[in-house]
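Residue numbers (my numbering): 2 to 383.
A virtual CB, placed ideally from N, CA and C, is assigned to each residue, including glycine.
Written out below as structure tokens is the structure these notes cover.
Listed below in structure tokens is the structure:
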């Protein structure tokens, strides 16, 4: 149920600047922060509509959390809102990444921010779990949808591609829910990078750099790690514009900066062609997301008017929750099972995650303060 009046453009801008600034932990964490702010705290949108947007963004190329921000902006502010929320969400990551790229180019190394990130990651797990708890109760509203979600988790465990697992969940859901009339046509382009044995050493140009990142932004599905395949296959092996070490450092920057991981393009663009390269790479990789949302957003409400499309969307939402389960499981294992002191696991990280989850679920503490507290704890225990 909506509990407040729709936001204006300045409210949207301030909110997504904040989320872009504190949004550590990848797309699932970003979407969890958006759900807390837009649905729970401000009452701008119902859980059902938010879930529909989550399901829809999983079906198109591009960074899911960036597209969620753009969707929300378009709903409340039209074309101006679409641009403002997208730019505000992306800008903090781009500026931080650009600054780190300058440091890296000038001094040949990156600052040690690992302790900060070590304190933030356990809190991020709790933030994602909070969103998963709330959205899961809404998405898995029947036994059939619960089984679909469990089935998608099983497919992911077996190593099936995230997008294919999502589509299978939606298609199977139509049959199980018996609400289909005509089989929907879904066109999904899943791109891949092909490594070339010997770099061609083609001199980098702004046009070539822009076209490469425009292609990546247009066909990239899945997590940010899929981006690595494109970069390795084309920029390192194919064109010789980056060294292996530069690629590894660019990936590291994407992991410990807030906001969308695709801001890695800013870092790489700076390494290749300086400030102009950073600007062109950033604009090119994010531009397709704005176009996709502009075309898709008006269609989402119409899907609910059709019985088969509504069933498909319900199943997609259940499958999207399953994807969040997989993300939080992998993140928890990677964070909690790190050796700490004389222990084979990180007891401090486990405690920090559990305390954060209790504060979020039981006492409704704002996640912003918990993320900042996690960063401070990480620094103090360095």
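Let me make sure I understand the geometry here. Which of the options has the alpha-carbon closest to that of residue i?
{"i": "residue 334", "options": "354, 53, 159 and 321", "result": "354"}
{"i": "residue 272", "options": "210, 258 and 323", "result": "210"}
{"i": "residue 286", "options": "267, 244, 295 and 277", "result": "267"}
{"i": "residue 133", "options": "330, 86 and 366", "result": "330"}
{"i": "residue 167", "options": "295, 383 and 322", "result": "322"}
{"i": "residue 139", "options": "115, 107, 47 and 148", "result": "47"}
{"i": "residue 6", "options": "27, 116 and 43", "result": "43"}
{"i": "residue 351", "options": "336, 248 and 363", "result": "336"}
{"i": "residue 274", "options": "88, 291 and 99", "result": "99"}
{"i": "residue 243", "options": "76, 205, 257 and 141", "result": "205"}
{"i": "residue 176", "options": "314, 84 and 300", "result": "314"}
{"i": "residue 291", "options": "84, 18 and 340", "result": "84"}
{"i": "residue 299", "options": "123, 281 and 73", "result": "73"}
{"i": "residue 212", "options": "270, 253 and 245", "result": "270"}
{"i": "residue 453", "options": "136, 381, 208 and 281", "result": "What is shown of the chain runs 2 to 383, which leaves residue 453 out entirely."}
{"i": "residue 143", "options": "338, 342, 318 and 363", "result": "318"}
{"i": "residue 280", "options": "45, 8 and 102", "result": "102"}
{"i": "residue 75", "options": "295, 368 and 306", "result": "295"}
{"i": "residue 26", "options": "305, 301 and 253", "result": "253"}
{"i": "residue 305", "options": "45, 49, 147 and 8", "result": "49"}
{"i": "residue 45", "options": "240, 112 and 8", "result": "8"}
{"i": "residue 384", "options": "203, 246 and 97", "result": "Lying outside 2 to 383, the shown extent of the chain, residue 384 is not represented and no answer is given."}
{"i": "residue 203", "options": "233, 240, 276 and 118", "result": "240"}
{"i": "residue 59", "options": "233, 297 and 18", "result": "297"}
{"i": "residue 97", "options": "368, 216, 156 and 18", "result": "18"}
Mind checking who residue i pairs with in its DSSP beta bridge?
{"i": "residue 341", "result": "344"}
Do residue i and residue j have their C-beta atoms within less than 8 Å of each other?
{"i": "residue 67", "j": "residue 289", "result": "no"}
{"i": "residue 170", "j": "residue 320", "result": "yes"}
{"i": "residue 344", "j": "residue 357", "result": "no"}
{"i": "residue 22", "j": "residue 78", "result": "no"}
{"i": "residue 379", "j": "residue 24", "result": "no"}
{"i": "residue 105", "j": "residue 250", "result": "yes"}
{"i": "residue 324", "j": "residue 163", "result": "yes"}
{"i": "residue 13", "j": "residue 86", "result": "yes"}
{"i": "residue 90", "j": "residue 20", "result": "yes"}
{"i": "residue 366", "j": "residue 360", "result": "yes"}
{"i": "residue 114", "j": "residue 30", "result": "no"}
{"i": "residue 384", "j": "residue 383", "result": "Only positions 2 to 383 of the chain appear in the structure, and residue 384 is not among them; the question remains open."}
{"i": "residue 228", "j": "residue 258", "result": "no"}
{"i": "residue 93", "j": "residue 65", "result": "no"}
{"i": "residue 341", "j": "residue 348", "result": "yes"}
{"i": "residue 131", "j": "residue 377", "result": "no"}
{"i": "residue 375", "j": "residue 112", "result": "no"}
Can you round the beta-carbon distance between residue i and residue j to whole angstroms, since I take them to be within the 8 Å contact cut?
{"i": "residue 395", "j": "residue 63", "result": "In the structure as shown, the chain starts at 2 and stops at 383, and residue 395 therefore has no counterpart that could be examined."}
{"i": "residue 214", "j": "residue 61", "result": "In fact, because the Cβ distance is near 17 Å, the residues do not count as touching under 8 Å."}
{"i": "residue 51", "j": "residue 38", "result": "Not a contact, Cβ separation roughly 11 Å."}
{"i": "residue 178", "j": "residue 312", "result": "4 Å"}
{"i": "residue 316", "j": "residue 174", "result": "2 Å"}
{"i": "residue 33", "j": "residue 128", "result": "5 Å"}
{"i": "residue 88", "j": "residue 283", "result": "Not confirmed; about 11 Å, so no contact."}
{"i": "residue 237", "j": "residue 221", "result": "Going by Cβ atoms, the distance from residue 237 to residue 221 rounds to 17 Å, so no, they are not a contact pair."}
{"i": "residue 152", "j": "residue 141", "result": "About 12 Å; that fails the 8 Å criterion."}
{"i": "residue 207", "j": "residue 278", "result": "7 Å"}
{"i": "residue 81", "j": "residue 301", "result": "Actually they do not touch by this definition, with Cβ atoms about 20 Å apart."}
Taking only beta-carbon atoms, is residue i less than 8 Å away from chain D?
{"i": "residue 108", "result": "Reference to chain D is not applicable here, since this structure consists of a single protein chain."}
Requested in this report: Please list the segments of the alpha helix (DSSP H) lying wholly inside the stretch 266 to 316, counting only runs of 4 or more residues, in order along the chain.
Outcome: 301 to 304
Query raised in the report: Residue ranges of each alpha helix (DSSP H) run of no fewer than 4 residues wholly in the stretch 89 to 147, ordered along the chain?
Result: 115 to 140
**Report entry** Whole alpha helix (DSSP H) elements within the stretch 204 to 268, 4-residue minimum
**Finding:** 207 to 220, 226 to 231 and 245 to 257
Query raised in the report: Which full runs of the alpha helix (DSSP H) of 4+ residues lie inside the stretch 12 to 95, going along the chain?
Result: 28 to 35 and 48 to 58
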